[in-house]
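The block underneath contains the structure these notes are about, expressed in structure tokens.
Number of protein chains: 2
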Amino acid sequence: MVRQKKKAEFLTEVELEFMTRLWELGEGTVRDVLANLAPDRDLAYTSAATIMRILEQKGFVTSTKQGKTFLYRALLSKDAYQTRSLKDLSEKLFDNTPATLVARLVDDNDLSKDALNEISELLDRRMKNDSD
Amino acid sequence: MVRQKKKAEFLTEVELEFMTRLWELGEGTVRDVLANLAPDRDLAYTSAATIMRILEQKGFVTSTKQGKTFLYRALLSKDAYQTRSLKDLSEKLFDNTPATLVARLVDDNDLSKDALNEISELLDRRMKNDSD
DNA sequence: CAGTACATACTAAAACTTTCGTTTTTCCAA
DNA sequence: TTGGAAAAACGAAAGTTTTAGTATGTACTG
Numbered sequence: 051m052v053r054q055k056k057k058a059e060f061l062t063e064v065e066l067e068f069m070t071r072l073w074e075l076g077e078g079t080v081r082d083v084l085a086n087l088a089p090d091r092d093l094a095y096t097s098a099a100t101i102m103r104i105l106e107q108k109g110f111v112t113s114t115k116q117g118k119t120f121l122y123r124a125l126l127s128k129d130a131y132q133t134r135s136l137k138d139l140s141e142k143l144f145d146n147t148p149a150t151l152v153a154r155l156v157d158d159n160d161l162s163k164d165a166l167n168e169i170s171e172l173l174d175r176r177m178k179n180d181s182d
Numbered sequence: 051m052v053r054q055k056k057k058a059e060f061l062t063e064v065e066l067e068f069m070t071r072l073w074e075l076g077e078g079t080v081r082d083v084l085a086n087l088a089p090d091r092d093l094a095y096t097s098a099a100t101i102m103r104i105l106e107q108k109g110f111v112t113s114t115k116q117g118k119t120f121l122y123r124a125l126l127s128k129d130a131y132q133t134r135s136l137k138d139l140s141e142k143l144f145d146n147t148p149a150t151l152v153a154r155l156v157d158d159n160d161l162s163k164d165a166l167n168e169i170s171e172l173l174d175r176r177m178k179n180d181s182d
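One line per chain: the protein sequences are A and B, in this order. Residue numbers for the first sequence follow this note's numbering, so the first one is 51 and each next one is one higher. Residue numbers for the second sequence follow this note's numbering, so the first one is 51 and each next one is one higher.
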């Protein structure tokens, strides 16, 4: 029986870095993921392998043996993790009021007009669907 | 000369918990902050004092001696930290596309119609101002 | 003036994160 | 079949976070 180390909810900094690559790749070996890190990211192979092992222990990814190497696949989707992270941020820092969150996003971040339009249209679509 | 321990960008879990209380209070002593934590949060006074000291070392708060105790005040505003956190999340998890972030927020989180309206109106106002 | 109550300073320990070296396993080719 | 290369497993080391105990200082009270 493989022991699940913890019930970690969130990815650490480095774990997110690795998961991001895996989400891009769909699936990949340690070497695949390592190769797709930022060019100036100089990490030993064993370090990368350790991170992947931890990700698996924590239940974020799964692996299947492919010849002599393991092929990793994300168990947690990027969408789901985005949702989870947003919910957490909203709770912890925005008193659970998403409007404030959007306000802060729109106010400060020098968003392009296009981005604003995109968001606006998205909201319109959503509100229309809700009333169906 | 007070040594600034690091240039920490972000608050740890516990630090955020404490900063949230301080933002609510405006200012307060260690005991004030401790008293305003969640009721089931049973933390020793010395632990709370340590957290406050660390927050000051990291430059998130400042203190002034008030009689025999220190009165703490936030140096980093909640608004500013909200902005900072959102920008970070947007970069790290949403490929710097805020529209995706809002989409995820609106899609999953079972937002009330009121919340959606509020966000929508906020956007309209913002877009109108931008074109002035 | 001594003692108590409360505040801060110092220290440390346990848990977790990040990195990587060493050892063990595995597969393929000569 | 066996030797070597590549991968996985193990775990150590260094740094951070979280928690709290102990030591020390200080002001008020009797």
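Idealized CB from N, CA, C, for every residue including glycine.
Q) For Leu72 (chain B), which residues of its own chain have a beta-carbon under 7 Å away from its beta-carbon, when the five flanking residues on both sides are left out? A) Counted from its first residue, the second sequence places residue 72 (chain B) at position 22. Excluding positions up to five away in sequence, the list reads Gly78, Val83, Val111, Tyr122 and Ala124.
**Q.** For Glu59 (chain B), the nearest candidate out of B:Tyr95, B:Asp174, B:Ala85 and B:Asp138 (CA to CA)
**A.** Residue 59 (chain B) sits at position 9 when you count from the first residue of the second sequence. The option with the nearest alpha carbon to Glu59 (chain B) is B:Asp138.
Q. Buried or exposed: Tyr95 (chain A), going by 16 or more other Cβ atoms within 10 Å of its Cβ?
A. Residue 95 (chain A) sits at position 45 when you count from the first residue of the first sequence. Exposed, because fewer than 16 other Cβ atoms sit within 10 Å of the Cβ of Tyr95 (chain A).
Q) Where Asp129 (chain A) and Val64 (chain A) are concerned, what is the direct C-alpha to C-alpha distance, given to the nearest angstrom? A) Sequence index remark: in the first sequence, residue 129 (chain A) carries index 79 (1-based). Sequence index remark: in the first sequence, residue 64 (chain A) carries index 14 (1-based). Approximately 19 Å, taken between the alpha carbons.
Q) Taking Cβ positions only, does Val152 (chain A) come closer than 8 Å to chain B? A) Counting from 1 along the first sequence, the entry for residue 152 (chain A) is found at position 102. Closer than 8 Å: yes.
Q | Close Cβ partners of Pro148 (chain B) (< 8 Å) along its chain, the five nearest in sequence each way excluded | A | Here residue 148 (chain B) refers to the residue found at position 98 when the second sequence is read from its first residue. Same-chain partners within the cutoff: Ser140.
Q: Would you kindly work out how many angstroms separate the C-alpha atoms of Ile169 (chain B) and Glu67 (chain B), rounded to a whole number?
A: Here residue 169 (chain B) is taken as the residue at index 119 of the second sequence, counted from 1. Here residue 67 (chain B) is taken as the residue at index 17 of the second sequence, counted from 1. Computed Cα separation, rounded: 27 Å.
Q | Rounded straight-line distance, which links the Cα of Gly117 (chain A) to that of Thr100 (chain B) | A | Counting from one through the second sequence, the residue named residue 100 (chain B) turns up at place 50. Counting from one through the first sequence, the residue named residue 117 (chain A) turns up at place 67. Approximately 52 Å, taken between the alpha carbons.
Q) In chain B, which residues lie less than 7 Å from Phe144 (chain A) when you measure between Cβ atoms? A) Reading the first sequence from its first residue, position 94 is the one you call residue 144 (chain A). Within chain B, the residues near Phe144 (chain A) are Gln132.
Q: Count the other C-beta atoms from every protein chain shown that fall within 10 angstroms of the C-beta of Arg175 (chain A), then say buried if there are 16 or more, exposed otherwise.
A: Numbered from its first residue, the first sequence carries residue 175 (chain A) at position 125. Exposed: under 16 other Cβ atoms inside 10 Å.
Q | Contact set between the stretch 89–111 of chain A and chain B, restricted to residues whose Cβ is under 9 Å from the partner | A | none
(Q) So with CB distances below 7 Å, who are the chain B contacts of Asp158 (chain A)? (A) Reading the first sequence from its first residue, position 108 is the one you call residue 158 (chain A). Under the 7 Å cutoff, chain B gives Thr133.
Q.
By alpha-carbon positions, which one of B:Asn167, B:Met69 and B:Lys142 ends up nearest to Lys108 (chain B)?
A. Here residue 108 (chain B) is taken as the residue at index 58 of the second sequence, counted from 1. When only C-alpha atoms are compared, the closest one is B:Met69.
Q: Answer yes or no: does any C-beta atom of chain B fall closer than 8 Å to that of Glu168 (chain A)?
A: For the purposes of this step, residue 168 (chain A) is taken as the residue at position 118 of the first sequence. For Glu168 (chain A), the answer is yes, since a Cβ of chain B falls inside 8 Å of its Cβ.
Q | CB contact below 8 Å: Leu125 (chain B) versus chain A | A | Locating residue 125 (chain B) in the second sequence gives position 75, counting from the first residue. Not an interface residue.
Q | Alpha-carbon spacing of Thr114 (chain B) relative to Arg103 (chain B), whole angstroms | A | Counting from 1 along the second sequence, the entry for residue 114 (chain B) is found at position 64. Counting from 1 along the second sequence, the entry for residue 103 (chain B) is found at position 53. Whole-angstrom Cα-Cα distance: 12 Å.
Q: Quick one: measure Cβ to Cβ for Thr133 (chain A) and Asp160 (chain B), integer angstroms, because I've assumed they're closer than 8 Å.
A: Sequence index remark: in the first sequence, residue 133 (chain A) carries index 83 (1-based). Sequence index remark: in the second sequence, residue 160 (chain B) carries index 110 (1-based). Not really, about 11 Å apart at Cβ, beyond 8 Å.
Q: Using a Cβ-Cβ cut-off of 8 Å, state whether Leu66 (chain A) counts as contacting chain B.
A: Position 16 of the first sequence, counted from the first residue, corresponds to residue 66 (chain A). Yes - at least one Cβ of chain B is within 8 Å of the one on Leu66 (chain A).
Q) With 16 other CB atoms within 10 Å as the buried threshold, where does Ser162 (chain B) fall? A) Stepping through the second sequence from its first residue, residue 162 (chain B) is reached at position 112. With fewer than 16 other Cβ atoms within 10 Å, it is exposed.
Q: Pull up the DSSP beta-bridge partners for Ala124 (chain A), would you.
A: Position 74 of the first sequence holds residue 124 (chain A). Answer is A:Val111, bridged to Ala124 (chain A).
**Q.** Every unbroken alpha helix (DSSP H) inside the stretch 74–114 of chain A [4 residues or more]
**A.** 80–85 and 95–107
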